[in-house]
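Only one structure is covered here, and it is reproduced in the block below.
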Amino acid sequence: MMENDFLNYRDPLTGVIFILTLVFLASFITYTLSIYKEKVARKEYRKLLKRFELGNLKEEDYIHLYSTYNLPFDSIILLASSFIHKGKYDKAISVYLTLLEHVKEPVKKQELLELLGSAYFKSGMLQRSKDIYLKILKFSPRHKLALKSLLLIYESLKEYHKVEDVLESLEELEEDTYKEKVYLQAQLIINDPFLNYEKKAVELLKQYEKDQQIQRLVVGYLTKYNKTILWENITHFDVLNIIDILWYLDFDDIDWDAVNASKNLKEIYSAKGFIADITQSKSFELQTLISVRNSPIKSDIDLNFEFICTKCKKNHPVYESRCPHCHTPLSFKVEPKLGKPTVSLASLV
Ligand SMILES: [Zn+2]
476 MMENDFLNYR DPLTGVIFIL TLVFLASFIT YTLSIYKEKV ARKEYRKLLK RFELGNLKEE
536 DYIHLYSTYN LPFDSIILLA SSFIHKGKYD KAISVYLTLL EHVKEPVKKQ ELLELLGSAY
596 FKSGMLQRSK DIYLKILKFS PRHKLALKSL LLIYESLKEY HKVEDVLESL EELEEDTYKE
656 KVYLQAQLII NDPFLNYEKK AVELLKQYEK DQQIQRLVVG YLTKYNKTIL WENITHFDVL
716 NIIDILWYLD FDDIDWDAVN ASKNLKEIYS AKGFIADITQ SKSFELQTLI SVRNSPIKSD
776 IDLNFEFICT KCKKNHPVYE SRCPHCHTPL SFKVEPKLGK PTVSLASLV
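According to this note's numbering, the sequence shown is numbered sequentially starting from 476.
Below, the structure is given as structure tokens:
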């Protein structure tokens, strides 16, 4: 009877307390759960950060940072670019490829493809790089960066006729391609399988008459394959701009009649110590060396060379016909420097 009374008892206050208890319990459980989740997330994040500090982020960590922690796309790209700076191209490529699978927006996809193409190029995977840029051009035929990158790839692959096609496309986009064309013409001659060495030398000289920008290519070619033609035409060249090539020639490879006819050449070879005809030079470096050679005190001072890109102003220890930094062709200018004798690293072409 007693129990029945209790069950039937309906006190409004007990009902309210009961509901409040339920609400409290629900909130308590939700709160505890959220604290637990946050704790787990923090622990994971700390682990991730620690790995990042150690430079050990894995490919999937980038996806994690992007999709779970909502780190902006640009920041993820910046993090991945650290691999490029360290020369770990395979790691960067793998991050870009993984991100490509997760990123939805076309703009971001395109940016990733550009980065991927560049990373493949830097790592020497030219065919893959070419495929990526061709893919970009399929959707954006006016993509200048893709066209310019493709030009460098075709050049590295020695597919010069395709370089010609790319230059035409760039010209349609109103890009200045004059210098590239001059450079291309010289390369077409040097790499023509149907021309013999002598014919190539003649053709190169004809091109040089039209545009002196290819001087270094011509002199480099003649030094390697036809020194007779080089010396026959030496008066046509600006010898101070090819001083490093002339400096490293062997004594027996020098045409001394040609040297005797040129004040600049006499200065260069007096400074080298091959002759003792000259005592004065306007060039500080040559003058110093001439004085040293004429002095009874022995010194092992010599001429070294560095190359400055006239476009990006970067210094390079060896000559390259296309600046590896800004990719401008025929932009290197030789700068003589006094220093200790070194073994020549200068590439002739
Ligand atoms: Zn440059």
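No residue lacks a Cβ here, since even glycine has one placed at the ideal position from N, Cα and C.
Treat the numbers as computed from the prediction; the structure is a model and nothing was measured.
Residue burial classification, residue i (beta-carbon count within 10 angstroms, cutoff 16)
i: Thr496; result: exposed
i: Ala621; result: buried
i: Cys801; result: exposed
i: Phe493; result: exposed
i: Gly599; result: exposed
i: Arg617; result: exposed
i: Thr573; result: buried
i: Pro487; result: exposed
i: Tyr447; result: As displayed, the chain neither begins before 476 nor continues past 824, which places residue 447 out of reach and without an answer.
i: Pro771; result: exposed
i: Leu805; result: buried
i: Ile504; result: exposed
i: Met477; result: Note that Met477 scores a pLDDT of 48, beneath 50, so its modelled location is shaky; the value from the coordinates is reported in the next line. Its Cβ having fewer than 16 others within 10 Å, Met477 is exposed.
i: Leu826; result: This structure gives no information on residue 826, because the portion of the chain shown stretches from 476 to 824.
i: Ala830; result: One cannot answer for residue 830 here, as it falls past the ends of the chain, which runs 476 to 824.
i: Val693; result: buried
i: Ala661; result: buried
i: Arg521; result: exposed
i: Leu705; result: buried
i: Ile510; result: exposed
i: Lys699; result: exposed
i: Lys633; result: exposed
Beta bridge counterpart(s) of residue i as assigned by DSSP
i: Arg797; result: Pro804
i: Val570; result: In DSSP, Val570 forms no bridge with anything.
i: Tyr809; result: The sequence shown places Val at residue 809, not Tyr. Per DSSP, Phe782.
i: Asp777; result: Gly814
i: Asn790; result: Ile783
Extent of the continuous beta strand (DSSP E) to which residue i belongs
i: Asn769; result: First-last for Asn769: Phe759 to Asn769, but that is the alpha helix (DSSP H), not the beta strand (DSSP E).
Where the alpha helix (DSSP H) through residue i begins and ends
i: Asn739; result: Lys738 to Lys747
i: Ala733; result: Trp731 to Asn735
i: Ile750; result: First-last for Ile750: undefined, no H or E at that position.
i: Glu643; result: Tyr635 to Glu647
i: Tyr544; result: No alpha helix (DSSP H) holds Tyr544; DSSP gives it neither H nor E.
i: Tyr629; result: Lys619 to Ser631
i: Glu650; result: It is not in any alpha helix (DSSP H) - Glu650 carries neither H nor E in the DSSP assignment.
i: Glu586; result: Pro581 to Lys597
i: Val677; result: Tyr672 to Lys685
i: Leu609; result: Leu601 to Phe614
i: Leu705; result: Lys702 to Glu707
i: Leu715; result: Looking at the DSSP string, Leu715 is not in any alpha helix (DSSP H), and its letter there is neither H nor E.
Residues near residue i in its chain [Cβ-Cβ closer than 8 Å; skip 5 each side]
i: Leu642; result: Leu626, Thr652, Glu655, Lys656 and Leu659
i: Asp571; result: Strictly speaking, residue 571 in this sequence is Tyr, with Asp absent from that position. Within the same chain, Tyr571 has close Cβ partners Ala555, Leu587, Leu590, Leu591 and Ala594.
i: Ile628; result: Phe596, Leu601, Ser604, Lys605 and Tyr608
i: Phe558; result: Tyr564, Lys566, Ala567 and Val570
i: Ala736; result: Thr710
i: Leu740; result: Ile709, Val714, Leu721, Ala733 and Val734
i: Ser631; result: Leu601
i: Gln690; result: Tyr683, Phe712, Asp713, Asn716 and Ile717
Same chain only: Cβ atoms within 7 Å of residue i, ignoring 5 sequence neighbours per side
i: Glu646; result: Thr652
i: Asp686; result: Val657
i: Pro811; result: Ile718, Glu760, Leu778 and Phe780
i: Leu721; result: Val714 and Ile743
i: Glu534; result: Ser569, Val570 and Thr573
i: Ile753; result: Lys741, Glu742, Ser745 and Ile765
Spatial neighbours of residue i in its chain, beta-carbon cut-off 6 Å, leaving aside the 5 residues before and after
i: Ser774; result: Val767
i: Thr803; result: Lys786
i: Phe548; result: Lys583
With a cut-off of 7 Å, give the chain-ordered residues whose Cβ is closer than this to any heavy atom of ligand 1.
-> Taken from the N-terminal end onward, the list reads Cys784, Lys786, Cys787, Lys789, Cys798, His800, Cys801, Thr803 and Ser806.
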